[in-house]
Every structure is written in C-alpha cells, then in structure tokens.
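In terms of the working numbering, the sequence shown opens at residue 49 and continues consecutively.
Heads up, the beta-carbon is just placed ideally off N, CA and C, and yes, glycines get one too.
Remember, predicted model here, so these are calculated numbers, not experimental data.
Here is the structure we will look at, set down as structure tokens.
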Amino acid sequence: MRRLRFTFRLKHLLIVATCFAVLSAYLGSYYRLANRGREEAVRYDLDSFFYVPIDEVMRTHDLTKQRRLARFYAPAWAIDRLLFGGTPPVTSMMFRLTD
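Spelled out as structure tokens, the structure:
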C-alpha cells in the first residue's frame, strides 16, 4: 500500500499567498468604501449607502461608477448582509422630476 504524502512546494505557497493578498485587498477596499458610505448615509438620513462620495453623485447626476462598484462588491455585500445585516447600496436614484 502506497502512502500519500503532501508535498509542500514553493509554487503552492506562492499561489496561497497571492490568493490571500487579492482577497485581502478586495475585502479591505469594500470595508473602507462601505463604511465611508454608511457614515454619509447616516449624515444625510438615507436608507442605502453610496460607494462613491455623495457630493460627486449630486454634482454629476451620474450613477455609472456607483452601479459598477455595487456589482463588483455584490459578493462582499451579500456576506456583510448575511452576517451583520448590512444596509444595501444605492443602485438607482431620481435626481429631479422635470427638466
């Protein structure tokens, strides 16, 4: 009977380290942007938060960057919502009723 051995190689260490670095950067940036957005949401009494600064959104009336970030961080937000009951990000907004 042959014994199976786990061989730990430098290649495996590099793969694990790279995955850890990418995951840490993703979660860290989500945490920073979401917390900043939630602080702004409390200040402006909103039910949802912006990944993009509210001043930028109100100046440009453009949610393109916000929607992209909401899609990119959707997995992190889902985990946040499941574990901590996080508020949802803004995905649509009406800026004015008439032109």
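- Distance from Ala-118 to Pro-137 at the Cβ level is roughly 4 Å; contact confirmed, criterion being Cβ atoms closer than 8 Å.
- With a beta-carbon spacing of about 7 Å, Asp-95 and Thr-135 fall inside the 8 Å limit used to define contacts.
- When secondary structure is reduced to three states using DSSP, Pro-101 falls in the coil class, being assigned neither helix nor strand.
- 8 Å or more divides the Cβ of Val-90 from the Cβ of Phe-98.
- Using a Cβ distance threshold of 8 Å, Ala-122 and Tyr-78 do not count as a contacting pair.
- Note on geometry: alpha-carbon atoms of Phe-132 and His-60 lie some 33 Å from one another.
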